[in-house]
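Report on the structure given below.
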Amino acid sequence: MEIKKTSLNKLHQNNNAKFVEFAGYEMPIQYSKGIIEEHKFTRSHSGIFDVSHMGQLFIYGDESLTEELEKIFPLDLKNLKQNCSKYSFLMNEDAGIYDDLIITKIKEGYLIILNAACKDKDFEILSNLLGSKFKMNLDNNRSLIAIQGPKSVEILNSVINGVDQLNFMTGNWFDSDNQRLFVTRSGYTGEDGFEISISNEKAEKFVENLIGKGAQLIGLGARDTLRLEAGLCLYGHELDINKTPVEANLRWAISKSRLSNGGFIGSKKIMNQMQDGAKQIRVGIKPEGRLIAREKTKIFNDTDKQIGEITSGTFGPSVNGPIAMGYVDKEFSKVDTKILLEVRGKKHPASVCGLPFYKKNYVKGVN
Amino acid sequence: MTEVKFSKEHEWITLEGDVATIGITKHATEMLGDIVFAELPEKGSNVEKDGTAGVVESTKAASDVYTPVSGEVVDTNQSIVDDPAKINEDPEGGAWFFKLKIKDTSELDTLMNKEEYDKFAKETSS
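Which chain is which? The protein sequence lines are A and B, in order.
Using this note's numbering, read the first sequence as starting at 329 and increasing by one per residue.
Using this note's numbering, read the second sequence as starting at 114 and increasing by one per residue.
Below, the structure written as structure tokens:
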């Protein structure tokens, strides 16, 4: 199959991007400055991320759509205010995760942002569940641009006036350059920032404008180190069809009001696990010294019994040391538990730690 | 000191008497990106030509470091273990990896000179 390109591909090339294939797309892993510089620039200034490979699914409908979606997602959508967003999951009956997503209630219905590798399957699953009653559009004509970091609000507000009035996890339509943009205050770096849904034709000029105001392009490499420092899950690593939200330590994302009566896909399993606990649970892991424990690294206790596996591991540029996340048996999930990581045939000391590794800087109280 | 030679695995090597100094090339560091971890062979151990003699890791991935010749490890550069970013800064100078006492200098004959290596690096990276 031919590799897909986003509307910013030429701009990436002009900025000396190194490309990788990701979910069928040619995406920039880094630019000339490298992952560590890009990571630090995002934390201190403002980084621009092309996330156009992700799915933008618009579902159109009224209260009856809300009712149908509550049968799918573990969310209190009836009481979700218009223009507010929630992090959630598409699950199977065993609460295995097909995808993790952000769902926003908009005037016309809902906008769901899906992972690139999962979006086509998600569309199929949701189409089957919802039937033909509601119009669904997995919009390929729109790009998705994230701008993240402390200077982002000032830079973006000078292009789209009024975005500074958004709170974290809210969004709205804005008019700019003769078109409607949907902007949410959200992101996946742990920093304050925004995601902008914009038509493909206007995306390149829009990003060039942001660069002109001091923001810089950041690749997927730094996006990964940033999200890992922020303790955020990446589908295909921390999350997959064999993991449940309870095991992934994401029970905070399940609306409390939905737990008493269930009635969403996977609710039985989730309610059972909430009561009895899960066998394994996702934790943060801090290797001693400079050792990096990558995905699939086996985790042992001090009597040589395997108790888990790493799902993501790298060097955290802002914490200036190695960091990881993984799953361990419940009895080893307490913070400060000593564990061993098998890297290149040798066992190295590490400990279970709290998440995130780097404090989040979300903006919640602007209005 | 002899001229610098290069291996297809992107190591450089210089020889002074029967002691060789080995590191990774600038081209290798550019391909790897920011290096954040280095592991070196143990002093006193013996390494075999083309065998693994260390590891470097970038933010993205781990890569083995091979030795272009056989010998006994007589010294290692602890400063790159303590501060792996030095490897990106000065790969073909201060950020050498290890020194070997070698037995067979003819093992260097199969290695490339600078001109040959630059051509090889250009061809293999495009």
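Think of the CB as a built atom: it goes at the ideal place given N, C-alpha and C, for glycine as much as any other residue.
These numbers come from a predicted model, not from an experiment.
Asked                                                                                                                                         : Found
Which residue or residues does DSSP assign as beta-bridge partners of A/K674?                                                                 : A/V671
Flag this pair as yes or no: are the beta carbons of A/T642 and A/D552 separated by less than 8 Å?                                            : yes
For A/K571, count the other beta carbons within 10 Å of its own beta carbon; 16 or more makes it buried, fewer makes it exposed. Which is it? : buried
Answer yes or no: do A/L339 and A/E529 have a C-beta to C-beta separation smaller than 8 Å?                                                   : no
Quick one, are the C-beta atoms of B/F211 and B/K121 less than 8 Å apart?                                                                     : no
Quick check on DSSP: helix, strand or coil for A/R586?                                                                                        : helix
Please check if any C-beta of chain A sits within less than 8 Å of the C-beta of B/K173.                                                      : yes
Check for me: the alpha helix (DSSP H) holding A/D604 runs from which residue to which?                                                       : S595 to D604
Starting from A/T432 and walking both ways along the beta strand (DSSP E), at which residues does that stretch end?                           : I425 to I434
Is the Cβ-Cβ distance between B/S176 and B/V186 less than 8 Å?                                                                                : no
What is the DSSP secondary structure of B/A175, reduced to helix, strand or coil?                                                             : strand
Beta-carbon separation of A/M651 and A/S514 under 8 Å?                                                                                        : According to the sequence shown, residue 651 of chain A is Ile rather than Met. Their beta carbons are not under 8 Å apart, which means A/I651 does not touch A/S514 by this criterion.
Any beta carbon from chain A within less than 8 Å of B/E122's own beta carbon?                                                                : no
Does the beta carbon of B/F150 come closer than 8 Å to any beta carbon on chain A?                                                            : yes
Any idea what DSSP makes of A/S661, helix, strand or coil?                                                                                    : coil
Out of curiosity, what's the CA-to-CA distance linking B/W125 and A/K626?                                                                     : 34 Å
In the DSSP assignment, find the unbroken alpha helix (DSSP H) run with A/T631 in it and report its ends.                                     : It is not in any alpha helix (DSSP H) - A/T631 carries neither H nor E in the DSSP assignment.
Measuring only from the beta carbon, is A/N648 closer than 7 Å to any heavy atom that is part of the ligand PLP?                              : Although the ligand PLP was asked about, the structure shown includes no ligands whatsoever.
To the nearest angstrom, report how far apart A/R371 and A/N489 are at their CA atoms.                                                        : 23 Å
Quick check on A/V663: buried or exposed, where buried means 16 or more other Cβ atoms within 10 Å of its Cβ?                                 : exposed
How would you list, in chain order, the residues of chain A whose beta-carbon sits under 7 Å from the beta-carbon of B/D147?                  : G362, I363 and I364
Just curious, the beta strand (DSSP E) that A/I440 is in, first and last residue?                                                             : G437 to L442
Run through chain A and tell me which residues come within less than 8 Å of B/V168, C-beta to C-beta.                                         : R672
For A/V611, which residues does DSSP report across the bridge?                                                                                : A/G654
Checking the sheet assignment: what are the DSSP bridge partners for B/D188?                                                                  : B/K212
Count the other CB atoms within 10 Å of the CB of B/T218; is the residue buried (16 or more) or exposed (fewer)?                              : exposed
Alpha carbon to alpha carbon, how far is A/G673 from A/P684?                                                                                  : 29 Å
For A/R551, does the three-state DSSP call read helix, strand or coil?                                                                        : helix
Output needed in chain order: residues of the stretch 641-652 of chain A with a Cβ under 7 Å from some Cβ in chain B.                         : T642 and F643
Could you give the C-beta distance for A/I524 and A/S374, rounded to a whole number, given that I count them as a contact under 8 Å?          : Actually they are not in contact, since the Cβ atoms of A/I524 and A/S374 sit about 13 Å apart, beyond 8 Å.
Can you give me the C-alpha to C-alpha distance between A/R610 and A/Y655, rounded to a whole angstrom?                                       : 4 Å
Contact criterion: CB-CB distance below 8 Å. Does A/T553 meet it with respect to chain B?                                                     : yes
Starting from the beta carbon of A/R622, find every residue of chain B whose beta carbon is closer than 9 Å, and list them in chain order.    : E170, A174 and A175
Could you tell me which of A/V379, A/G693 and A/Q341 sits nearest to A/Y516, measuring between CA atoms?                                      : A/V379
List the endpoints of the continuous alpha helix (DSSP H) containing A/L538.                                                                  : N528 to G540
Any beta-carbon of chain B closer than 8 Å to the one on A/Q634?                                                                              : no
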